[in-house]
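Here is the structure we will look at.
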Amino acid sequence: MKSWILPSSMIYFIFTFLGYLTYKFGLSTQISKFSQPPLMIEILKNNLSVVLQLILGGLLFGTPTIFTLSYNAMHFGYSVAYLSSQVSTLKLILLTAPHAIFEIPAIIMAGVAGFKIPYEIIRYLAGKKETILTNEDVKEYPALALISIISIVIAA
18 MKSWILPSSM IYFIFTFLGY LTYKFGLSTQ ISKFSQPPLM IEILKNNLSV
68 VLQLILGGLL FGTPTIFTLS YNAMHFGYSV AYLSSQVSTL KLILLTAPHA
118 IFEIPAIIMA GVAGFKIPYE IIRYLAGKKE TILTNEDVKE YPALALISII
168 SIVIAA
């Protein structure tokens, strides 16, 4: 698990920054104005979908995990940039921090889970492991998934 926390975090934060720059430099179409805040159930459904895509992306050798992690991070960065142009910094922090405190680590952990299976397969093929998945690997994957899902539910 530890081996994928840094890469998953780096992907998320680099693409968050790129999403922020996309808005700041006008490289994308303007985001639609929020007429009303989304309902908790809508946020929960969307975030659970993202987490499941990240986790299950490992079954397709991690490619969907990379794309989902990157897209979600860009969307977050773009949204923060948009909101920063509409509200004060304090209000931006008050609007995003309670949600982001649980959501961002949950998404990163789901990314770690999505990279776990391909990583273990590569280690096996490289001759660094005798079996593809050890008992520890089999226990760790659902634990990462469960932690991510619980954190996303709390974030909503």
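In our numbering, the protein residues as written are 18 to 173.
Every residue gets a Cβ at the ideal spot worked out from N, C-alpha and C, and that includes glycine.
The C-alpha of PRO159 lies about 11 Å from the C-alpha of MET126. With a threshold of 16 other beta carbon atoms within 10 Å, PHE93 meets it and is buried.
For THR113, the uninterrupted alpha helix (DSSP H) segment begins and ends at 106-142. Under the three-pair Cβ rule at 8 Å, the stretch 116-125 counts as touching the stretch 67-78. Here the alpha carbon of ILE138 sits roughly 11 Å from the alpha carbon of ASP154.
The beta carbons of PRO135 and GLY75 sit closer together than 8 Å.
When DSSP states are grouped into helix, strand and coil, GLU147 belongs to the coil group.
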